[in-house]
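In what follows, a structure is listed as structure tokens, so that the remarks can point back to it.
Numbering (the UniProt record's numbering), first residue to last: 1 to 446.
Okay, here's the thing in structure tokens:
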């Protein structure tokens, strides 16, 4: 997870009500138990105050408006034993699979290794606790995620869903097992890294976007953590694994709910007037990070990141950009174009010479500093994810439904921002064992 967030029209300490899940755990991975599956809207940037700019521009190419969803909380007496989240009765998963060791733990879901009894094939099984689905929207989110995974089935770079099952207490999603780890970790592990390899990875990532868009799906939460490798041998066996914030869209449809991750969010998302073009912007941010090791829009606060995104100034002067090919920089400019109508489509990106023409992307090794920065950026995301999971896993169902109260509790001076001492005390109350230096790093990165 980077910092996934979701908000709607009414702001409170940032992204309004904790309406919907935020970043999800890397549920298809056998190596990433620190990954997060959060349906409550908590994200690793919400420790800082957040203000979303009001919508000021309109894209004349977009004509239909999709208003932000309103949370419709279930009554306390909602009977999860009776409710069928999937809408129909399913076989007992334990009649078909043997559930094995835990692969990952998130706020709402636990992922296990499972083995199909009839074939002995191994899969990942994400089990979502039904009693933590506090609203009708939560239930609809689970249904939609499963529906979209089935809709996208068959693409070689999208994790394959095997089936969905439901019992009295859980919804179980069985899917392809990705045991090769996260993309950035593989790049760092290999050491030798070139523009050409970055181009090949970008082609895969944008290829997923192109496939989604061609099937009427907008991803809305692309980031490196949401791409895992199937195995440890093939550096290009990437699979997109998380569709928790994805939605179906129609041509010309406008979306207004603020979702995504601060480093990767498109300006039109912040302005609450966007469509599938936002996915191309996000892929452009990933490409910038792949070539430099840092995000193009950086600040010490989340609001600072948003301001930088809205300004859209891209740094091509600092190292390593002077030695990066002009073709790569041309592609990034066209993907990070602030006007959605002028931005390249996903199909146009994969047809760009830097990606499509062999030899345009140089095969010489990039500066080792790029790998070093990539390692630091990845490590900081994992640190923040770990710290926030300490908080999230300590919450009751009522607290999950009211994460903003937790913010208020930490904000002891009612300033609207959390200081170092407040964050330190708050984390301690929730059982954190992070060192002061780690908490300081957490704040500085937020």
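Beta carbons are placed, not taken as given, at the ideal position from N, Cα and C, and that holds for glycine.
Tell me which residues share the same chain as residue i and place their Cβ nearer than 8 Å to its Cβ, disregarding the 5 neighbours each side in the sequence.
i	result
residue 188	371, 374, 375 and 378
residue 193	187, 365, 366, 370 and 371
residue 363	194, 195 and 196
residue 314	288, 296, 332, 333 and 336
residue 246	144, 145, 148, 212, 217, 218, 219, 220 and 221
residue 191	371
residue 101	112 and 113
residue 235	186, 190, 197 and 229
Report all residues from its chain with a CB closer than 6 Å to the CB of residue i; omit the five preceding and five following residues, and keep chain order.
i	result
residue 312	338
residue 31	Because the pLDDT of residue 31 is 44, which lies under 50, any placement of that residue in the model is unreliable, and the number read from its coordinates should be weighed accordingly. The residues are 181.
residue 123	114, 162, 174 and 177
residue 360	327, 353 and 354
residue 343	277, 280 and 337
residue 321	none
Using only CA atoms, which one of the options lies nearest to residue i?
i	options	result
residue 139	219, 171, 217 and 365	171
residue 214	147, 151 and 351	151
residue 301	290, 262, 293 and 267	262
residue 178	168, 227 and 105	227
residue 331	321, 352 and 109	352
residue 272	256, 281 and 340	256
residue 328	318, 160, 146 and 284	284
residue 221	348, 201, 280 and 229	280
residue 306	268, 274 and 320	268
residue 239	211, 195, 246 and 205	205
residue 340	219, 266 and 348	266
residue 110	126, 217, 99 and 117	126
residue 183	237, 156 and 154	237
residue 232	424, 421, 101 and 185	185
residue 160	425, 348 and 241	241
Using the three-state DSSP reduction, which class does residue i fall into: helix, strand or coil?
i	result
residue 239	strand
residue 274	strand
residue 163	strand
residue 305	helix
residue 289	helix
residue 227	strand
residue 253	strand
residue 260	strand
residue 377	helix
residue 158	strand
residue 70	Any answer about residue 70 is weak, because its pLDDT of 41 lies below 50 and its placement is not dependable; what the coordinates show is given next. In this structure, residue 70 counts as coil in the three-state DSSP scheme.
residue 280	helix
residue 323	helix
residue 247	strand
residue 365	strand
residue 217	strand
So residue i packs on residue j, CB below 8 Å; how close in whole Å?
i	j	result
residue 297	residue 148	No, residue 297 and residue 148 are not in contact; Cβ-Cβ is about 28 Å, not under 8 Å.
residue 142	residue 158	Not really, about 18 Å apart at Cβ, beyond 8 Å.
residue 251	residue 165	Going by Cβ atoms, the distance from residue 251 to residue 165 rounds to 35 Å, so no, they are not a contact pair.
residue 355	residue 199	5 Å
residue 167	residue 93	7 Å
residue 130	residue 169	6 Å
residue 201	residue 290	6 Å
Sorted by chain position, which residues of the same chain lie with C-beta nearer than 7 Å to residue i's C-beta, five sequence neighbours on each side aside?
i	result
residue 72	With a pLDDT of 40 at residue 72, under the threshold of 50, the modelled position of that residue is not reliable, and the figure given next carries that caveat. If we look at residue 72 and ignore the five residues flanking it on each side, its Cβ neighbours are 135, 136 and 137.
residue 294	373 and 377
residue 308	297, 298 and 299
residue 350	203, 206, 207, 210 and 356
residue 84	166
residue 116	96, 97 and 123
What are the boundary residues of the alpha helix (DSSP H) that includes residue i?
i	result
residue 183	183-190
residue 213	195-214
residue 331	326-335
residue 144	136-151
residue 355	353-356
residue 348	346-350
Starting from residue i, trace the beta strand (DSSP E) in both directions and tell me its first and last residue.
i	result
residue 127	122-129
residue 102	97-105
residue 171	170-175
residue 116	109-116
Report yes if the C-beta of residue i is less than 7 Å from at least one heavy atom of the ligand HEM; otherwise report no.
i	result
residue 87	Among the components modelled here there is no ligand, and therefore nothing to report on the ligand HEM.
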